[in-house]
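Sequential numbering from 8 applies to the sequence shown in our numbering. Some notes on the structure that comes next.
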Amino acid sequence: MAKKDKEIKVKPPQYFTSYTNIPTLNYAVYYMSPIEKMLYALLAFAAGAVVGYIFYGGLAKDEFDNPTVMTTILNVTISSSLGIFAAVMFIPMRTKSIIASRKRQLKEQFRELLDSLSTSLGSGKNVVDSFHNAYSDMAVLFSEDAYMTKELAVIESGLANNVAIEDMLMDLGKRSDIADIESFANVFETCYRKGGNIKDVIRSTQNILVDKMEVELEIETIIASAKNELNIMCCMPIALVGVIKLMSPEFSKNFTTPAGIIATTVGVVLFVSAYLIGKVVMAIKL
């Protein structure tokens, strides 16, 4: 029997090429550079190793409570293992955080874009001139390197080469991975081709975005204290165990017994699980 070819998983690209051969960002994907990945991995490894040493350091001491060779081996092995585990877990978490952060920035800048377009259209300018004017506004309001400024530079390049503006907005909507931008692009395409009221579409989309972002801000304000409490409560076991081992060597011997090791492991699993569940519960998705 012929062997079935294994399906090769192709990673989605971080950049696409626009209609005018300009690299455009895929906002749903982020690949760390080797240096960036190494720095984050070292940071997570150090944190994991410290936590591992605090909870499991000092095992296999002799009857006189002196460290043995096995103590050193266990300290290095356990700390390194937890450090590697922390590094492996942290990299994808940090990647998701970076993707979420730049999507949030793009969404905020898109709201300002709609405000600029609405103002220009209200003053009697046509759609193309409004987008030209919006580029200057975004460059002043944010910077030349801001996400939306770069996207408008791509749109301006496309307009100079007779590329349909609705096609470029559709491309932005797909790459942004943001439902509001993609919906706006779809409605814009329909109205622009069939002669709908673009001004009303932009104003309505802007109002919806503003309302959603205000609700998100209110929720963030309400749960801000809960987030701080979650972070503090997850750090407290580490701090308490560290203080106990530092201030009371006699009591800290309980952590090296079989019952102490089991209790410590259960505690570590519980506070890590509580942190992950808390992050999921407090994630805002509107």
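Note that the Cβ used here is the ideal one computed from N, Cα and C, for glycine as well. Note that the structure is predicted; figures quoted are calculated from it, not measured.
Next item on the list: Pull up the CB-CB distance for residue 97 and residue 56, whole angstroms please, since I reckon it's below 8 Å.
Entry: Translated into the one-based positions of the sequence shown, residue 97 becomes position 90. Translated into the one-based positions of the sequence shown, residue 56 becomes position 49. Not a contact, Cβ separation roughly 13 Å.
Margin query: Whether or not the region 110-130 and the region 204-212 are in contact is what I'm after, with contact meaning three or more pairs of Cβ atoms, one per stretch, closer than 8 Å; do they touch?
Written below: Touching, yes, given that three or more Cβ pairs across the two stretches are closer than 8 Å.
Check: Quick one: is residue 144 buried, meaning 16 or more other Cβ sit within 10 Å of its Cβ, or exposed?
Finding: Within the sequence shown, residue 144 is the residue found at index 137, counting from 1. Burial is judged here by how many other beta carbons sit within 10 angstroms of a residue's own beta carbon; residue 144 has at least 16 and is buried.
Margin query: Quick check: residue 134 and residue 205, are their CB atoms within less than 7 Å of each other?
Written below: To locate residue 134, count along the sequence shown from 1; it is residue 127. To locate residue 205, count along the sequence shown from 1; it is residue 198. Contact flag set, yes.
Check: Among all the DSSP beta bridges, which residues are the ones paired with residue 30?
Finding: As a first step, residue 30 is located in the sequence shown; it is residue number 23 there, counting from the start. Partner(s): 24.
Item checked: Range of the contiguous alpha helix (DSSP H) that encloses residue 215 -> Here residue 215 is taken as the residue at index 208 of the sequence shown, counted from 1. In the DSSP assignment, residue 215 falls within the unbroken alpha helix (DSSP H) covering 205-254.
Item checked: Cβ neighbour criterion (16 or more within 10 Å) applied to residue 82 -> Residue mapping note: residue 82 aligns to position 75 of the sequence shown, counting from 1. Label assigned to residue 82: buried.
Next item on the list: Enumerate in chain order the residues of its own chain whose CB-to-CB distance from residue 101 is below 7 Å, with the five nearest sequence positions on each side excluded.
Entry: Along the sequence shown, one-based indexing puts residue 101 at 94. Excluding positions up to five away in sequence, the list reads 47.
Note to self: In whole angstroms, give me the CA-to-CA distance for residue 153 and residue 117.
What the structure shows: Mapped onto the sequence shown, residue 153 falls at position 146. Mapped onto the sequence shown, residue 117 falls at position 110. A straight line joining the alpha-carbon of residue 153 with that of residue 117 spans about 11 Å.
Check: Considering residue 172, what are the terminal residues of the alpha helix (DSSP H) in which it resides?
Finding: As a first step, residue 172 is located in the sequence shown; it is residue number 165 there, counting from the start. Per DSSP, residue 172 is one residue of the alpha helix (DSSP H) stretching across 172-183.
Check: Thinking C-beta only, is residue 138 closer than 7 Å to residue 162?
Finding: The residue labelled residue 162 in the question sits at position 155 within the sequence shown. The residue labelled residue 138 in the question sits at position 131 within the sequence shown. Contact flag set, yes.
Margin query: Going by DSSP in three states, residue 66 sits in which element: helix, strand or coil?
Written below: Taking the first residue of the sequence shown as position 1, residue 66 is located at position 59. Look at residue 66 here: in three-state DSSP terms it is coil, with no helix or strand label.
Note to self: Pairs of beta-carbons, one from the region 31-43 and one from the region 215-235, closer than 8 Å: are there three or more?
What the structure shows: No, the region 31-43 is not in contact with the region 215-235.
Note to self: I'd like to confirm something about residue 100: is its beta-carbon nearer than 6 Å to some heavy atom of the ligand ADP, or not?
What the structure shows: Ligands displayed in this structure: none; no statement on the ligand ADP is therefore possible.
Checklist line | Contacts around residue 230, its chain only, beta-carbon distance under 6 Å, and the 5 residues preceding and following it disregarded | finding: What you label residue 230 is simply residue 223 of the sequence shown in a count that begins at 1. Here the set comprises 289.
Note to self: Taking the straight line between their C-alpha atoms, what separation do you get for residue 216 and residue 175?
What the structure shows: As a first step, residue 216 is located in the sequence shown; it is residue number 209 there, counting from the start. As a first step, residue 175 is located in the sequence shown; it is residue number 168 there, counting from the start. Cα-Cα distance, rounded: 21 Å.
Check: Near residue 179, which residues of its chain fall below 7 Å by C-beta distance, leaving aside the five closest residues on each side in sequence?
Finding: Along the sequence shown, read from residue 1 onward, the residue named residue 179 stands at position 172. Apart from the 5 residues on each side of it in sequence, residue 179 sits with its Cβ closer than 7 Å to the Cβ of 158, 188 and 192 in its chain, given in chain order.
Notebook entry, point to check: Taking the Cβ atom as the reference point for each residue, do residue 295 and residue 68 lie within a distance shorter than 7 Å?
Noted result: Because the chain is modelled from 8 through 293, residue 295 falls outside the range shown and cannot be assessed.
Item checked: For residue 127, the nearest candidate out of 103, 247 and 207 (CA to CA) -> If you number the sequence shown from 1, residue 127 lands on position 120. Comparing alpha-carbon positions, the option among 103, 247 and 207 lying closest to residue 127 turns out to be 207.
Note to self: Could you check whether residue 248 and residue 85 sit closer than 7 Å to each other, using their CB atoms as the reference points?
What the structure shows: For the purposes of this step, residue 85 is taken as residue 78 along the sequence shown, with counting starting at 1. For the purposes of this step, residue 248 is taken as residue 241 along the sequence shown, with counting starting at 1. In this structure, residue 248 does not lie closer than 7 Å to residue 85 by Cβ.
Margin query: For residue 280 and residue 164, I'd like the C-alpha separation in whole angstroms.
Written below: Start at 1 with the first residue of the sequence shown, and residue 280 comes out as number 273. Start at 1 with the first residue of the sequence shown, and residue 164 comes out as number 157. About 49 Å.
Next item on the list: Round the Cβ separation of residue 113 and residue 155 to the nearest angstrom and send it over; I've been treating them as touching at under 8 Å.
Entry: Translated into the one-based positions of the sequence shown, residue 113 becomes position 106. Translated into the one-based positions of the sequence shown, residue 155 becomes position 148. Approximately 7 Å separates the beta-carbon atoms of residue 113 and residue 155; this is inside 8 Å, confirming the contact.
Notebook entry, point to check: Cβ atoms of residue 173 and residue 196: under 7 Å apart, would you say?
Noted result: Taking the sequence shown and counting its residues from 1, the one referred to as residue 196 is at position 189. Taking the sequence shown and counting its residues from 1, the one referred to as residue 173 is at position 166. Contact flag set, yes.
Checklist line | Straight-line gap, residue 263 to residue 241 (C-alpha atoms, nearest Å) | finding: Working through the sequence shown from its first residue, we reach residue 263 at position 256. Working through the sequence shown from its first residue, we reach residue 241 at position 234. For residue 263 and residue 241, the gap between their C-alpha atoms comes out near 22 Å.
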